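Asker:
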């Protein structure tokens, strides 16, 4: 993935944080519903009471950080579409819960269906959390849409369909409007705009954009941003998708004197690059 980056200036700063996409996906892994579905109803209104109870119970387990109870819902052969195994999830969630002192999970069932030997459930998960770093408070708000595959009462596979995550800090973090497609073809160019809604006035904005491929070993690794001045009131980038299909986190950070905001969206790169004649 190619994104234009800021040139390093003398007054530019490096800002290291845990990638938002990484935080977001790991949080949602704790909310997968492992329940033996037998009906073929597609609407959540037709879901059995036991399924709704299971959703509530899984939220409770995640909110209480009961990792052993949570991992009972995962098959030993579980594999996420992003390359995480059951062991990877347990280790990463344990580390993540040590960072975030407060986390709240809420999962909503959108639909469910039978597919061959598996039962598929699509859910939306809402996550909010607070982290204290060197006396500063960081607030996390995330929304993820995902698809889970079950056999019996065990989760065997999970695919994240979309992510939208905000991390804010300070008395008055910038309010932003983000424009980026959820899906592009291989090799396609696209716009990534992060626009600050408030008037600049005398404020000085710093910011940067970053991309990273979604992969197992990237979930708990900190990202480093090279900050530069944003005289236009936001970030305006032209990206180019790689020639190989896959999932990518596209992130941006905007900082001013009274606050900071970070945003991450998942970009799906699909299709095959046509071979030259």
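Residue numbers (the numbering used here): 922 to 1198.
Just so you know, even glycine gets a beta-carbon here, dropped at the ideal spot from N, CA and C.
The structure displayed is predicted, hence computed values, not measured ones.
Apart from the five residues on each side of it in sequence, which residues of its chain come closer than 6 Å, Cβ to Cβ, to residue 1114?
Answerer: Result list for residue 1114: 1100 and 1157, in chain order.
Asker: Quick one: Cα of residue 1190 to Cα of residue 1106, how far?
Answerer: Spanning the two alpha carbons is a distance of roughly 5 Å.
Asker: For residue 1174, report the span of its beta strand (DSSP E) as first-last.
Answerer: Residue 1174 -> beta strand (DSSP E) spans 1167-1177.
Asker: Go ahead and pull the three-state DSSP assignment for residue 1133.
Answerer: Three-state DSSP puts residue 1133 in a strand.
Asker: Roughly how many angstroms lie between the CA atoms of residue 1032 and residue 1081, to the nearest whole one?
Answerer: If I take the Cα positions, the gap works out to 15 Å.
Asker: Could you check what DSSP says for residue 1022 in three-state terms: helix, strand or coil?
Answerer: Residue state, collapsed to three classes: coil.
Asker: I believe residue 1153 touches residue 1125 by the beta-carbon criterion, under 8 Å. Please report the beta-carbon distance rounded to the nearest angstrom.
Answerer: Actually they are not in contact, since the Cβ atoms of residue 1153 and residue 1125 sit about 13 Å apart, beyond 8 Å.
Asker: Please report how far the alpha carbon of residue 1068 lies from the alpha carbon of residue 1103, in whole angstroms.
Answerer: Whole-angstrom Cα-Cα distance: 16 Å.
Asker: Please report how far the alpha carbon of residue 871 lies from the alpha carbon of residue 1045, in whole angstroms.
Answerer: Within the shown structure, residues of the chain are numbered from 922 to 1198, placing residue 871 beyond reach of any answer.
Asker: Under a three-way DSSP split, which group does residue 1148 fall into?
Answerer: It is coil, neither helix nor strand.
Asker: How big is the Cα-Cα spacing for residue 1005 and residue 1017?
Answerer: C-alpha separation (whole angstroms): 15 Å.
Asker: I need the straight-line Cα distance from residue 1167 to residue 1159, nearest angstrom please.
Answerer: Residue 1167 and residue 1159: Cα-Cα distance of roughly 19 Å.
Asker: With burial defined as no fewer than 16 other Cβ atoms inside 10 Å of the residue's Cβ, what is the status of residue 1015: buried or exposed?
Answerer: Classification of residue 1015: exposed, given that the 10 Å Cβ count is below 16.
Asker: Indicate whether residue 1184 and residue 1097 have their beta-carbon atoms separated by less than 8 Å.
Answerer: Yes. Within cutoff.
Asker: Just verifying my parser: in three-state terms, what is the DSSP assignment at residue 1058?
Answerer: Strand at residue 1058.
Asker: Mapping DSSP to helix, strand and coil, what is residue 1105?
Answerer: It is a strand residue.
Asker: Between 1181, 1177 and 1186, which lies nearest to residue 1171 when the distance is taken from Cα to Cα?
Answerer: Of the candidates 1181, 1177 and 1186, the one whose C-alpha sits nearest the C-alpha of residue 1171 is 1186.
Asker: What separation, rounded to the nearest whole angstrom, lies between the Cα atoms of residue 937 and residue 1050?
Answerer: Confidence at residue 937 is low in this model, with a pLDDT of 38, below 50, so the placement of that residue should be treated as unreliable; the coordinate-derived value is given next. Between residue 937 and residue 1050, the C-alpha separation is close to 19 Å.
Asker: Per DSSP, residue 981 is paired with what?
Answerer: The partner list for residue 981 (beta bridge, DSSP) is empty, contrary to what the question assumes.
Asker: Please list, in chain order, all residues of the same chain as residue 1155 whose beta carbon is under 6 Å from its beta carbon, the five residues on each side excluded.
Answerer: Only 1115, 1116 and 1117 meet the Cβ criterion.
Asker: Measuring straight from C-alpha to C-alpha, what distance separates residue 1181 and residue 1059?
Answerer: When rounded, the distance between both Cα atoms is 9 Å.
Asker: What's the C-alpha gap between residue 1079 and residue 1027?
Answerer: Computed Cα separation, rounded: 18 Å.
Asker: Measure the C-alpha to C-alpha separation of residue 951 and residue 1127 and round it to an integer number of angstroms.
Answerer: Low per-residue confidence applies at residue 951: pLDDT is 37, beneath 50, and the placement is therefore not dependable enough to give any value.
Asker: Near residue 997, what residues of its chain come up, given a Cβ to Cβ distance below 7 Å and the 5 sequence neighbours on each side ignored?
Answerer: 1007, listed in sequence order.
Asker: Would a C-beta distance cut-off of 8 Å place residue 1089 and residue 1063 closer than the cut-off?
Answerer: Cβ distance not < 8 Å, so residue 1089 and residue 1063 don't count as in contact.
Asker: By DSSP, does residue 1013 sit in helix, in strand, or in coil?
Answerer: Helix, per DSSP.
Asker: Straight-line CA distance for residue 1188 to residue 1043?
Answerer: Between residue 1188 and residue 1043, the C-alpha separation is close to 19 Å.
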